[in-house]
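Participant: What follows is a structure written as structure tokens; I'll ask about it next.
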Amino acid sequence: MFEAVRELRPLGVGINIQPNAVRELYDLGIGPDEMDKVGLPAKEWALVGLNGNDIYSENARPARRLQLAAICGASRPLPHAAREHIHGPRRRGTPFVWVACVTGYENNTDGSVTAIVEHADGSTSRETGTLLIGADGIHSSIRAQMHPDQPPIHWGGAIMWRGTTMAKPIRTGSSFVGLGTHKHRMVIYPISHPDPETGLAMINWIAEVTVDNSEGWKNSGWFKPVEIDDFIQHFEGWT
Ligand SMILES: Cc1cc2nc3c(=O)[nH]c(=O)nc-3n(C[C@H](O)[C@H](O)[C@H](O)COP(=O)(O)OP(=O)(O)OC[C@H]3O[C@@H](n4cnc5c(N)ncnc54)[C@H](O)[C@@H]3O)c2cc1C
680 MFEAVRELRP LGVGINIQPN AVRELYDLGI GPDEMDKVGL PAKEWALVGL
730 NGNDIYSENA RPARRLQLAA ICGASRPLPH AAREHIHGPR RRGTPFVWVA
780 CVTGYENNTD GSVTAIVEHA DGSTSRETGT LLIGADGIHS SIRAQMHPDQ
830 PPIHWGGAIM WRGTTMAKPI RTGSSFVGLG THKHRMVIYP ISHPDPETGL
880 AMINWIAEVT VDNSEGWKNS GWFKPVEIDD FIQHFEGWT
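For what it's worth, this note's numbering labels the leading residue of the sequence shown as 680, then goes sequentially.
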């Protein structure tokens, strides 16, 4: 496995882990008990209008656990699971590389494939195998080589500001709530169990607007800290 990033770190505050991803964590030995230490299963998924009325809601099904979780808490099973995933194959004796960037590949006449690998120290190597799986994200260099005529990734115009607030959880106490419209909305869900004394839980929120994208994406990065005053004007009048 080649992974470009030098250090695995939790990023951001909260995450909703979809049922298929929860299944993967179960397979890695991160079960419901461990998951409960960093968050809580969603009891409900709800779309709500600005007047507070339901547009659509459904109760969670236990067999399809949607996990609402903090990824910056004291106990962090997600990076732990990732490390296990990565170090497990090494323990079983499979060849393994940690920090290395795959910059491209070549198909060989015998049906094998050679990955061109750039290492952290600047050296390069070539690794040949029967199959190359490019799971290298939205700016995949493998996909770029496979489909050179494809245009760059198209930004849809959505901008999201994310944060947490200690508050009383709304609705079921463990609801994933989308409030507003698809172009102008808040997504709100708790990522901790409520404090038994105060009833307050850590609430993860995402404030989102969709803007004109005709000029393309100009701000670099998607992890820039900002002040509330930088975006609160989009939500004036919301209660
Ligand atoms: C701020 C934010 C919040 C999100 N919140 C949620 C959420 O709550 N719930 C949810 O389900 N989804 C969420 N998502 C979306 C989710 O993170 C992505 O859909 C998912 O991570 C995509 O997985 P992936 O494996 O395809 O790519 P990635 O997670 O991007 O993984 C690609 C990996 O490949 C490595 N890599 C890249 N290039 C190379 C290369 N050339 N050589 C070697 N390694 C390389 C990268 O370092 C990375 O580790 C969020 C995304 C963002 C940005």
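Each residue gets a CB set at the ideal place from its N, CA and C atoms; glycine is no exception.
In terms of residue numbering, what span does the beta strand (DSSP E) encompassing Q697 cover?
Facilitator: For this step, residue 697 is matched to residue 18 along the sequence shown. Element bounds for Q697: n/a, residue is neither H nor E.
Participant: Just mark K903 as buried or exposed, buried being the case when its beta carbon has 16 or more other beta carbons within 10 Å.
Facilitator: Within the sequence shown, residue 903 is the residue found at index 224, counting from 1. With fewer than 16 other Cβ atoms within 10 Å, it is exposed.
Participant: Beta carbon of N695: closer than 6 Å to some heavy atom of ligand 1?
Facilitator: Start at 1 with the first residue of the sequence shown, and residue 695 comes out as number 16. Yes, ligand 1 has a heavy atom inside 6 Å of this Cβ.
Participant: Locate the beta strand (DSSP E) running through A823, then write down its first and last residues.
Facilitator: Here residue 823 refers to the residue found at position 144 when the sequence shown is read from its first residue. A823 -> not in any beta strand (DSSP E); alpha helix (DSSP H) instead, spanning S820 to M825.
Participant: Following a CB-centred definition, is A814 positioned closer than 6 Å to any heavy atom of ligand 1?
Facilitator: As a first step, residue 814 is located in the sequence shown; it is residue number 135 there, counting from the start. Result yes, Cβ under 6 Å from ligand 1.
Participant: Would you report the Cα separation of T640 and V856, rounded to the nearest angstrom?
Facilitator: The first residue shown for the chain is 680 and the last is 918, placing residue 640 beyond what the model contains.
Participant: Which whole runs of the beta strand (DSSP E) in the stretch 852-898 are 3 residues long or more, in chain order?
Facilitator: Segments of the beta strand (DSSP E) lying fully in the stretch 852-898: 854-860, 863-869 and 880-889.
Participant: Distance, Cα to Cα, S754 vs I694?
Facilitator: Counted from its first residue, the sequence shown places residue 754 at position 75. Counted from its first residue, the sequence shown places residue 694 at position 15. Residue placement at S754 cannot be trusted, given a pLDDT of 44 that sits under 50; the coordinates are not used to answer.
Participant: What I want to know is whether the C-beta of V684 ends up closer than 6 Å to one or more non-hydrogen atoms of ligand 1.
Facilitator: Along the sequence shown, read from residue 1 onward, the residue named residue 684 stands at position 5. Yes, since a heavy atom of ligand 1 falls inside the 6 Å radius drawn around the Cβ of V684.
Participant: Residues in its own chain within less than 6 Å of W834 by CB, not counting five upstream and five downstream?
Facilitator: Along the sequence shown, read from residue 1 onward, the residue named residue 834 stands at position 155. Closer than 6 Å at the Cβ level, and outside the excluded window around W834, lie N892 and W896.
Participant: Give the secondary structure of I734 by DSSP, where H, G and I count as helix, E and B as strand, and everything else as coil.
Facilitator: Here residue 734 is taken as the residue at index 55 of the sequence shown, counted from 1. Here I734 sits in strand by DSSP.
Participant: For H913, which of helix, strand or coil comes out of DSSP?
Facilitator: Within the sequence shown, residue 913 is the residue found at index 234, counting from 1. Reduced to three states, the DSSP call for H913 is helix.
Participant: Quick one: does the C-beta of S804 sit closer than 6 Å to a heavy atom of ligand 1?
Facilitator: Taking the first residue of the sequence shown as position 1, residue 804 is located at position 125. Flag unset: Cβ of S804 not near ligand 1.
Participant: Apply the 10 Å Cβ neighbour rule to A742 and answer buried if 16 or more other Cβ atoms are within range, or exposed otherwise.
Facilitator: Start at 1 with the first residue of the sequence shown, and residue 742 comes out as number 63. So A742 counts as exposed.
Participant: Taking all protein chains shown into account, do 16 or more other C-beta atoms lie within 10 angstroms of the C-beta of G718, making it buried, or fewer, making it exposed?
Facilitator: Sequence index remark: in the sequence shown, residue 718 carries index 39 (1-based). When all chains shown are included, G718 counts as buried.
Participant: Name the one or two DSSP bridge partners that A749 has.
Facilitator: Counting from 1 along the sequence shown, the entry for residue 749 is found at position 70. G693, per the DSSP bridge assignment.
Participant: Give me, in chain order, the residues of the same chain whose beta-carbon lies closer than 6 Å to that of N786; leave out the 5 immediate sequence neighbours on both sides.
Facilitator: Along the sequence shown, read from residue 1 onward, the residue named residue 786 stands at position 107. So the qualifying residues of the chain are V792.
Participant: As a quick exercise: from A779, G783, G813 and W840, pick the residue whose alpha carbon is nearest that of V692.
Facilitator: The residue you call residue 692 lines up with position 13 of the sequence shown. Among A779, G783, G813 and W840, the Cα nearest to that of V692 belongs to W840.
Participant: With hydrogens ignored, establish whether the beta-carbon of F681 is closer than 6 Å to any heavy atom of ligand 1.
Facilitator: For the purposes of this step, residue 681 is taken as residue 2 along the sequence shown, with counting starting at 1. Yes, the beta carbon of F681 sits closer than 6 Å to at least one heavy atom of ligand 1.
Participant: Quick one: what's got a C-beta closer than 6 Å to T803's C-beta in the same chain, skipping five residues either side?
Facilitator: If you number the sequence shown from 1, residue 803 lands on position 124. Closer than 6 Å at the Cβ level, and outside the excluded window around T803, lie E797.
Participant: Which residue or residues does DSSP assign as beta-bridge partners of H833?
Facilitator: By 1-based counting over the sequence shown, the position of residue 833 is 154. In the DSSP output, where bridge partners are listed per residue, H833 has none listed.
Participant: Considering only C-alpha positions, which residue in the set I907, M865 and V905 is nearest to W917?
Facilitator: Here residue 917 is taken as the residue at index 238 of the sequence shown, counted from 1. Checked all of I907, M865 and V905; the closest Cα to W917 is M865.
Participant: Quick one: is G859 buried, meaning 16 or more other Cβ sit within 10 Å of its Cβ, or exposed?
Facilitator: For the purposes of this step, residue 859 is identified with residue 180 of the sequence shown, where counting begins at 1. Its Cβ being crowded by 16 or more others within 10 Å, G859 is buried.
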